[in-house]
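Residue numbers (full-length UniProt numbering): 1 to 159.
Structure (C-alpha cells):
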C-alpha cells in the first residue's frame with residue numbers, strides 16, 4: 001500500500017483518492033481551529049502560497065480527538081477560511097489515533113516515529129511527503145511551519 005491508495009473526504013463528504021496528488025510534494029497536517037497552536041494556520045498558508053507553483057500542496061485534516069475543533073468538517077473549513085484566510089485544501093473531520101484512526105493517519109504514524117511513540121500527540125503534527133509518495137519528515141506540533149521551510153525547499157528541488 002502507498003499513500004496514493006488512500007481515500008479521503010472533503011468537508012462536504014465527497015471522497016477522492018490521494019493519487020490526485022501524484023507528483024506533488026505534500027504537507028499533511030492534523031488541524032484544530034480552537035487549539036492554542038492555531039496561529040500556525042498563518043505559516044501553513046504562507047508556505048502554500050509561496051510554494052504551490054513549485055508543486056507543494058498543504059492538506060489540512062481537522063480532528064476533534066483532542067477536543068479543540070468544531071463539530072463538523074464543514075464548520076472547521078469555514079472557520080479556517082473566514083478566521084485564518086486558509087486557501088489550501090481542507091477535509092472532513094478525522095480521528096488521528098486509535099483503532100478508529102483514519103487510514104491516512106494509520107499509514108503516516110506506522111511509517112514514522114514521533115518522540116517516544118508513533119501516536120499523534122497533539123494537533124498540528126505535520127508530515128512532509130515527497131513527489132514519489134515517500135514520507136520524508138515528521139514535524140512535532142511545536143515545530144512552526146517557518147522552522148522547516150528549508151526541508152520543503154530541499155524536497156521541492158529534487159522533485
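All C-beta atoms in this analysis are idealised placements derived from N, C-alpha and C, irrespective of residue type, glycine included.
| Distance, residue 13 Cα to residue 119 Cα | Residue 13 has its alpha-carbon roughly 26 Å from the corresponding atom of residue 119.
| Paired residues, beta bridge with residue 15 - DSSP | 9, per the DSSP bridge assignment.
| Three-pair Cβ contact test at 8 Å for the segment 9 to 25 versus the segment 106 to 114 | Taking 8 Å as the limit for Cβ pairs, the verdict is that the segment 106 to 114 does not touch the segment 9 to 25.
| query | Are the beta-carbon atoms of residue 127 and residue 135 separated by less than 8 Å? | reply | By the CB criterion at 8 Å, residue 127 and residue 135 fall inside the cutoff.
| Apart from the five residues just before and just after residue 89, which ones in its own chain have a Cβ nearer than 6 Å to its Cβ? | Result list for residue 89: 59, in chain order.
| said: Just to confirm the assignment, what range does the beta strand (DSSP E) spanning residue 25 have? | reply: Annotation for residue 25: the continuous beta strand (DSSP E) segment containing it runs 25 to 31.
| task | Throw me the rounded Cβ distance for the residue 96 and residue 65 pair, which I believe falls under 8 Å. | result | The beta-carbon distance between residue 96 and residue 65, rounded to whole angstroms, is 6 Å. This is short enough to meet the 8 Å contact definition.
| query | What are the start and end residues of the alpha helix (DSSP H) that includes residue 81? | reply | It spans 73 to 84 - the alpha helix (DSSP H) in which residue 81 sits, taken as one unbroken run.
| request: Please go through the same chain and pick out, in chain order, the residues whose beta-carbon is closer than 6 Å to the beta-carbon of residue 139, but skip the five residues on each side of it. | output: Within its own chain, the residues whose Cβ lies closer than 6 Å to the Cβ of residue 139, once the five positions on either side in sequence are excluded, are 126 and 148, listed in chain order.
| request: To the nearest angstrom, report how far apart residue 26 and residue 133 are at their CA atoms. | output: Their Cα atoms are separated by approximately 8 Å.
| said: Suppose contacts are defined by Cβ-Cβ distances below 8 Å. Is residue 172 in contact with residue 31 by that definition? | reply: Absent from the model: residue 172. The displayed extent of the chain is 1 to 159, so no value can be given.
| request: Go through its chain and collect everything with a Cβ distance to residue 144's Cβ below 7 Å, but skip five positions before and after it. | output: Excluding sequence neighbours, residue 144 sits near 40 and 43.
| residue 73, buried or exposed, once every other Cβ within 10 Å from all chains shown has been counted against 16 | Buried is the call here.
| Whole-number beta carbon distance between residue 152 and residue 51, since they are thought to touch under 8 Å | Contact holds; Cβ gap of about 6 Å.
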